[in-house]
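Novice: If you use the UniProt record's numbering, the sequence shown corresponds to residues 1 to 317, in order. Glycine included, C-beta positions come from ideal geometry on N, C-alpha and C. Here's a structure for you.
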Amino acid sequence: MAEPCRIILDVDTGIDDAMAIFYAVRHPNIRLEALTTVYGNTEVEIATDNTLKILDLLGRTDIPVAKGVGRSLLKPFTREADFVHGSNGIGDVELPPASRGPVDEHAMDLIIRLVKENPGEITLCPVGPMTNVALALAKAPEIAKLVKGIVIMGSTLFHPGIHGVKSPMVDANLHNDPEAARMVLRAGAPVTLVGMDVTMKTLLSSAMMREIEEKGDHAARTMMKITEFYVASYKQMHPANDGCPLHDPLAVAVCEDPSFVTTERMFADIELHGEITRGQTIPDRRPISRHLFNAEVAMDVDAPRFEKAFLETMLRV
């Protein structure tokens, strides 16, 4: 087996974040070095508590969790995702109290330290707003050349954006902190964007959920109970869907196996000022701009193969 993929997962846990944590913990070729938390699907305090509870559920209290920032670079956080993730961020399912708290180290400092201690080995995977990663890159810009890569759950070029915001072509993570997203894209690190163009082609179907409920352990069954809220929310937004997309798990999967997605290299920037385009990913694919190209952007996904891998990973113990 190849050397394990070493990941720092930056989460705003969140139902699909919880599934991403499951995938990272249970995949045989992923080593989850640490989790860092950020605002987004809920407040950073709740996201941190949820992250610790999910790790308890998985029996992985050895993995450090570092709390990060609770707001974007320019404005206070406003909670807007209860209709997708529930009032507690995990589908209103009550898990036992967390057995521990986060480490004393701030998320951005943990990122800087682990990347410097392991040059060329660590993949950063932010699946919430990119504020922690942007702050780490601002404080220690040299880590842009020391990370193995940054795989971001965020962006949309063609798929309609999220509901409830002015821009019709923006995802939640970039919407929450466009300035941070631009900083990360312009830092000079190897970046892959895994956005709604591909994540919305993936599906945790009702048949997959039933199989996990029937064959999975207590942790996997609990994860499916949490996911029921997410599925119901997506059913309201996308009535034809039989299940829910696997946004954050796909980003984690791409860290370990980039061949799940087909990418195109381009210059990706973030609009900061447009009245109805703030937070939108602006692609420059022109050959004349080739010297500026800064990101691999996922354009298509082998959804059946990824969904099979997700199911197999959820059923591992």
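Using DSSP with H/G/I as helix, E/B as strand and the rest coil, what is residue 293?
Specialist: Position 293 of the sequence shown, counted from the first residue, corresponds to residue 293. Correct three-state label for residue 293: coil.
Novice: Can you find the residues in the same chain that come closer than 6 Å, C-beta to C-beta, to residue 152, ignoring five residues on each side of it along the sequence?
Specialist: Mapped onto the sequence shown, residue 152 falls at position 152. So the list reads 126, 193, once near-sequence residues are dropped.
Novice: By a C-beta neighbour count over all protein chains shown, 10 Å radius and 16 as the cutoff for buried, is residue 158 buried or exposed?
Specialist: Here residue 158 refers to the residue found at position 158 of the sequence shown. That one is exposed.
Novice: At what residues does the beta strand (DSSP E) containing residue 376 begin and finish?
Specialist: Nothing can be reported for residue 376: it is not among the residues displayed for the chain, which extend from 1 to 317.
Novice: As a quick exercise: from 60, 3, 36, pick the residue whose alpha carbon is nearest that of residue 25.
Specialist: Taking the sequence shown and counting its residues from 1, the one referred to as residue 25 is at position 25. Cα-wise, what sits closest to residue 25 is 60.
Novice: With distance defined between alpha-carbon atoms, name the residue in 14, 236, 49 nearest to residue 226.
Specialist: Along the sequence shown, read from residue 1 onward, the residue named residue 226 stands at position 226. Residue 14 is the option with its Cα nearest to residue 226.
Novice: Report buried or exposed for residue 2, applying the criterion of at least 16 other Cβ atoms within 10 angstroms of its Cβ.
Specialist: Working through the sequence shown from its first residue, we reach residue 2 at position 2. Residue 2 is exposed by the Cβ-count criterion.
Novice: Would you identify the three-state DSSP class for residue 133, choosing helix, strand or coil?
Specialist: Start at 1 with the first residue of the sequence shown, and residue 133 comes out as number 133. It is helical.
Novice: Does the Cβ of residue 74 have 16 or more other Cβ atoms within 10 Å, making it buried, or fewer, making it exposed?
Specialist: The residue you call residue 74 lines up with position 74 of the sequence shown. Counting Cβ neighbours within 10 Å, residue 74 comes out exposed, since fewer than 16 surround it.
Novice: Can you tell which of 22, 86, 51 has the C-alpha that lies nearest to the C-alpha of residue 311?
Specialist: Here residue 311 is taken as the residue at index 311 of the sequence shown, counted from 1. Out of 22, 86, 51, 22 has the C-alpha closest to the C-alpha of residue 311.
Novice: If you follow the beta strand (DSSP E) that residue 126 is in, where does it begin and where does it stop?
Specialist: The residue labelled residue 126 in the question sits at position 126 within the sequence shown. 122-126 is the span of the beta strand (DSSP E), which, as asked, contains residue 126.
Novice: Measuring only the C-alpha atoms, how far is residue 62 from residue 290?
Specialist: Here the question's residue 62 lines up with position 62 in the sequence shown. Here the question's residue 290 lines up with position 290 in the sequence shown. If you take the alpha carbons of residue 62 and residue 290, they lie about 44 Å apart.
Novice: Return yes when the Cβ of residue 91 is within less than 8 Å of the Cβ of residue 172, no when it is not.
Specialist: Position 172 of the sequence shown, counted from the first residue, corresponds to residue 172. Position 91 of the sequence shown, counted from the first residue, corresponds to residue 91. No, Cβ-Cβ distance for residue 172 and residue 91 is not below 8 Å.
Novice: Give me the residue from 111, 120, 200 with the minimum Cα distance to residue 149.
Specialist: For the purposes of this step, residue 149 is taken as the residue at position 149 of the sequence shown. Nearest C-alpha to residue 149: 120.
Novice: Check residue 299 in the structure and name its three-state DSSP category.
Specialist: The residue labelled residue 299 in the question sits at position 299 within the sequence shown. Strand, per DSSP.
Novice: Where does residue 276 land, buried or exposed, given buried means 16+ other C-beta within 10 angstroms?
Specialist: As a first step, residue 276 must be located in the sequence shown, where it is residue number 276. Looking at its Cβ environment, which holds fewer than 16 other Cβ atoms inside 10 Å, residue 276 is exposed.
Novice: What residue range does the alpha helix (DSSP H) around residue 224 cover?
Specialist: Position 224 of the sequence shown, counting from 1, holds the residue named residue 224. Its alpha helix (DSSP H) spans residues 218-237.
Novice: If you check the beta carbons only, do residue 38 and residue 118 fall under 8 Å apart?
Specialist: In the sequence shown, the residue the question calls residue 38 occupies position 38. In the sequence shown, the residue the question calls residue 118 occupies position 118. Contact flag unset, no.
Novice: Would you report the Cα separation of residue 224 and residue 255, rounded to the nearest angstrom?
Specialist: Translated into the one-based positions of the sequence shown, residue 224 becomes position 224. Translated into the one-based positions of the sequence shown, residue 255 becomes position 255. Answer to the nearest angstrom: the Cα atoms are 24 Å apart.
Novice: Which residue comes first and which comes last in the beta strand (DSSP E) that contains residue 67?
Specialist: As a working note, residue 67 is residue 67 in the sequence shown. Where residue 67 is concerned, the enclosing beta strand (DSSP E) stretches over 65-67.
Novice: Within 10 angstroms of the Cβ of residue 167, are there 16 or more other Cβ atoms? Answer buried if so, exposed if not.
Specialist: The residue you call residue 167 lines up with position 167 of the sequence shown. Label assigned to residue 167: buried.
Novice: Since residue 202 contacts residue 245 with CB under 8 Å, what's their CB separation in whole angstroms?
Specialist: Translated into positions along the sequence shown, residue 202 becomes position 202. Translated into positions along the sequence shown, residue 245 becomes position 245. Sure, about 5 Å apart at Cβ, within 8 Å.
Novice: Would you call residue 44 buried or exposed, if buried means 16 or more other Cβ atoms sit within 10 Å of its Cβ?
Specialist: For the purposes of this step, residue 44 is identified with residue 44 of the sequence shown, where counting begins at 1. When all chains shown are included, residue 44 counts as buried.
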